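Protein chains in written order, with the numbering used here: chain A, -3 to 352; chain B, -3 to 352. We treat Cβ as the ideally placed atom computed from N, Cα and C, and that holds for glycine. On a predicted model such as this, the values are computed, not experimentally measured, just so you know.
Number of protein chains: 2
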Amino acid sequence: MSLPRIAVDAMGGDEGVRVMIEGAALARRRHDRFKFLLVGDETRIKAALEDHPNMRGASEILHAPEIVSGDEKPTQALRRARKTSMGMAIDAVKRGEAGAAVSAGNTGALMAMAKLSLRTMPGIDRPALAALMPTLGETDMVMLDLGANTECDARNLVQFAVMGAAYARIASNLAEPRVRLLNIGTEETKGTGALREASDTLRAAQNQLAFSFGGFTEADKINRGETDVVVTDGFSGNIALKAVEGAARFVTDLLKEAFQSSLRSKIGFLVSRPATELLKHHLDPNNHNGAVFLGLNGVVVKSHGSANAKGVANAVAVAARLLEEDLIERITADLAESGLAAKTRSRRTSVGAEEA
Amino acid sequence: MSLPRIAVDAMGGDEGVRVMIEGAALARRRHDRFKFLLVGDETRIKAALEDHPNMRGASEILHAPEIVSGDEKPTQALRRARKTSMGMAIDAVKRGEAGAAVSAGNTGALMAMAKLSLRTMPGIDRPALAALMPTLGETDMVMLDLGANTECDARNLVQFAVMGAAYARIASNLAEPRVRLLNIGTEETKGTGALREASDTLRAAQNQLAFSFGGFTEADKINRGETDVVVTDGFSGNIALKAVEGAARFVTDLLKEAFQSSLRSKIGFLVSRPATELLKHHLDPNNHNGAVFLGLNGVVVKSHGSANAKGVANAVAVAARLLEEDLIERITADLAESGLAAKTRSRRTSVGAEEA
C-alpha cells in the first residue's frame, strides 16, 4: 500500500508558511515516498515552494481563504472552520483526500475542529493528546492526556492507557510497553478515586492487555526510562509536561549563567562544547515534536507553535508512521481484545466544552 | 522576646539521630539563640550529642519509646502517636513546651498527627504543605499545597493564597508578594471551576489583600522569578514539584553523561568545575529544605527524609524564622483584613482521610 498523502496546515505556527513548507520539504528529503496536500494561502505557499524543488510532483495546494489565530477561542474558530487552513486540512482527512493532518496552529481550535469533523472512534469516550518525551532509557516515553480533558473519570484513563500503549508500540517499536498511571504516590491508597478505580480495572484486565500495567508512578520518575506510557488526566498531564519543560530550561539557563561567570568557566565551556551540544540536542524540543490526538477517526498531529523546520519534519514523520502502522486499527483491535471498549458507540463529545 | 525552643523529632529521616542532631547543632552554630527539645531515644540522642559540645545547655532531651516508620500508614501511626518521637514533638508544641516542631519522618503521619493535635487555626478550613523553590529571580518562591489535600475547592485555594503570601512575606522578606494560581493556561476560561472561582474571589478582594494577585500561571513559568507564591491543589502541586525535581535530575544526569563521553569533555569538565559546582549548589535540595504545614495552631516543619545536616539546619532555621515573625498571627491578621476567612471557626478536619 502506498502511503496516503499528508495534509499540512501551512498557515499555523509562529513562523508561518515558510517554516511549514521547509519542514515538509525536509521530511520528504528524508523519506521520498511522502506526499502532501498543502492547505492555506495559495500565493504564499507557491512562493515558499520555489525554494524546494523536491516538493514538485509531491504536493498539491488547497487554497484556504482564512487563518485561525493563535489566541482565538475554539468556539469562535469552529464557526468559520470550513474556510480556514486548519479546518480544511482536517476536512481533507475526513473526505479521504489525505490520510493525516499536521498543524502548528492554536491547540484548542485544532482539538475542537478535529473532534467535530472526525468524531471520536468507536469504543473511545474521549480523545486525548499524547506526546513523546525523552528519558534516560533507550526509548522515549509516551505521555497522555496533555490537556484535551481537564477532568477525567476512571474509564477515560483506562482508554487512554490502551491508546497510549498502541502509540508506544508504533512510535518506540515496543512489543509490550510498560504502562503506569501518574499519581502522587505509588501505594494503592494514594490519589483520587478515579485513579484507584482505573488501576483496579487495568489490574483485573491484565491478561487481555497488549501492554504490561505497572500501577502508579510519580512525576519525578517518569523520565528514568522505567515507564513507556504515562497515563494522566489532561490537567495533571499539562502541569507535569510544562513543569518538566520549565525545569529543563531553568537548569540550562543556570548552566549558561554559570559558564559565563568567570574566564575560567568560559574556557571550560569552549573545551567541553561537544558535551554541552550533546545535551542541547537531547533537550531540543524539535527532536520530540509532534503531539498526536488519539481516539479520533483520523490521524491529527499537533506541531509545536515555535517548532523550526526540523521540528515540523519530525511532526510529519510521526503522522506518516502512524498511518503506515495503522494506529486506529491497532487501537480498535487492542480495545476489543482487552474488553475495555466503551459500551456506547462513539459518544458525541462536547466540542469546545473544555476550551470555552 | 526570647525565641521559644524548637522540638526536633530526632528519630525521623533516612539517616536518623546522627544527622538530626548534627543539623540542630549546625543551626545553633549559625544562630546561638536557638534552643532545642530533642525528642526520641534518650540513649542514642545522648550518644549523638557527645560530638556537639555547643548543644550543651541549649538542649533538653524528651525520651520517646517508639518511632514512626517511613512506610507506616498515617491512620496506624496516629493510634500510637503519644509514644512516638514524632507525636511527642508535636504535643510539646501543643502544650507550649516548644514553639515549633521539626521532623524528617513520614509526611502523611506527620500531617495527620499535626492536624489532630494542633487543629486547624480559626478562619482556615484546611492546612496546606508549603515549600520554597529556587527561581531565576532574586528570591525563592513559595508553592502550596504540595500534597496535604488531594482535592480542593475554591475556598481552600483562596485561603492557601493568603497563607502562602504570609509565608513569602516572612521567608523572602517581601512587602507585597506576587501570587498566582497554577493552571493549564492563563486565559480566564482555562482550568477547573474551582480555579476560576478562586481567581474571581481573589480579584474581587484585590484591595483588601496583603499581596498582589496576578491571575493564573503555567507550570513552565513558575521558576522564572515572576511569581512569589504559586497556589495549587495538593495533587497538581505534588505533580509539579516532583516533575521539577525529576527534570532537574534528568538534565544533570545527562550533563554528567555528556561530560564523561570523551577525553576532551572530561578536561572541559575539570576546567569548568567552578561553574558546575555553582549549578550544583543552586540545585541542591538541602539549600531549600524545610516544608511548612500552614494553617495549624502551631508551626510544624517537614525536613526532607534524605536531607543532610545542612538541610536539617535549614529546616530548623525556617521554623525559627516563622516563630520570630509570628506566622500564625500574620495569617490571622491577613485573613481578617481580606474578609476571606472561613465562616466556620476551625472546622475539624478529617484526619488521615487523604492518606488512608
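- A check of alpha carbon separations from Asn304 (chain B) across B:Ala3, B:Leu153, B:Asp10 and B:Ser(-2) identifies B:Asp10 as the nearest.
- Thr223 (chain A) is classed as buried because its beta carbon has at least 16 other beta carbons within 10 Å across all chains shown.
- Only residues of its own chain outside the window of five on either side were considered, and among them Arg29, Phe30, Lys31, Gly95, Ala316, Leu319 and Glu320 have a CB closer than 8 Å to the CB of Leu(-1) (chain B), listed in chain order.
- Burial state of Gly36 (chain A) is buried, judged by a 10 Å Cβ sphere holding 16 or more other Cβ atoms.
- DSSP, read as helix, strand or coil, puts Ile180 (chain A) in coil.
- Excluding sequence positions up to five before and after Val175 (chain B), its CB lies within less than 6 Å of the CB of Ala157, Ala161, Phe207, Phe209 and Val225, all in the same chain and listed in chain order.
- DSSP places Leu170 (chain B) outside both helix and strand once states are collapsed to three, so it counts as coil.
- Within chain B, the residues placing a beta-carbon under 7 Å from that of Glu214 (chain A) are Lys238, ordered along the chain.
- Check the Cα spacing between Thr80 (chain B) and each of B:Gly92, B:Val64, B:Lys90 and B:Arg91: the tightest is with B:Val64.
- Cβ proximity to chain B below 8 Å picks out Gly143, Thr146 and Glu147 from the segment 136 to 170 of chain A.
- Around Asn50 (chain B), no beta-carbon contact reaches into chain A at under 7 Å, the shortest distance being about 34 Å.
- Think of a sphere of 7 Å around the beta carbon of Ala271 (chain B): the chain A residues whose beta carbon falls inside it are Ala254, Phe255, Ser257, Ser261 and Gly264, in chain order.
- Among the CB atoms of chain B, one or more fall inside 8 Å of the CB of His278 (chain A).
- At a beta-carbon threshold of 8 Å, the residues of chain A lying near Phe231 (chain B) are Ile180, Gly187, Thr188 and Ser232, ordered along the chain.
- Residue burial annotation: Gly83 (chain B) is buried, with at least 16 other C-beta atoms found within 10 angstroms of its C-beta.
- In the structure shown, the three-state DSSP call for Ile57 (chain B) is strand.
- Val175 (chain B) sits in a strand when the DSSP states are folded into three classes.
- For His284 (chain B), the number of other beta carbons within 10 angstroms of its own is at least 16, and it is reported as buried.
- Contact check for Asp216 (chain B) and Ala144 (chain A): beta-carbon distance about 18 Å, past the 8 Å limit, so the pair fails to qualify.
- Of the other Cβ atoms in all chains shown, fewer than 16 fall within 10 Å of the Cβ of Arg78 (chain B); this residue is therefore exposed.
- For Ser232 (chain B), the uninterrupted alpha helix (DSSP H) run begins and ends at Gly230 to Phe255, by DSSP.
- The three-state secondary structure of Ile63 (chain A), taken from DSSP, is coil.
- A residue is called buried once 16 or more other Cβ atoms fall within 10 Å of its Cβ, and Leu266 (chain A), having fewer, is exposed.
- Your pair Met117 (chain A) and Gly291 (chain A) checks out as a contact, with CB atoms roughly 6 Å apart and the cut at 8 Å.
- With 16 or more other Cβ atoms inside 10 Å of its own Cβ, Gly119 (chain A) counts as buried.
- Rounded to the nearest whole angstrom, the CA to CA distance from Ala313 (chain B) to Ala23 (chain B) is 7 Å.
- One thing to note: Asp141 (chain A) has its Cβ within 8 Å of the Cβ of Leu125 (chain A).
- Interface criterion not met: the Cβ of Glu184 (chain B) is under 8 Å from no Cβ in chain A.
- Within the same chain, Val138, Leu170, Pro173, Asp224 and Val225 come within 6 Å of Ala164 (chain B) by CB-CB distance, once the 5 residues on both sides are set aside.
- Judged by beta-carbon spacing, Gly221 (chain A) lies within the 8 Å limit of Leu132 (chain A), meaning their Cβ atoms are closer than that value.
- Taking C-beta atoms under 8 Å as the contact rule, Ala97 (chain A) and Ala88 (chain A) qualify, at a distance of about 7 Å.
- Taking 8 Å as the cut-off, the Cβ atoms of Asn219 (chain B) and Ala244 (chain A) do not count as close.
- Excluding residues up to 5 positions away in sequence, Phe209 lie with their Cβ nearer than 7 Å to the Cβ of Arg199 (chain B) in the same chain.
- Residue burial is scored here from C-beta neighbours: Leu259 (chain A) has fewer than 16 other C-beta atoms within 10 angstroms and is therefore classed as exposed.
- For Gly242 (chain A), at least one C-beta of chain B is nearer than 8 Å to its own C-beta.
- For Ser99 (chain B), the uninterrupted beta strand (DSSP E) run begins and ends at Ala96 to Ser99, by DSSP.
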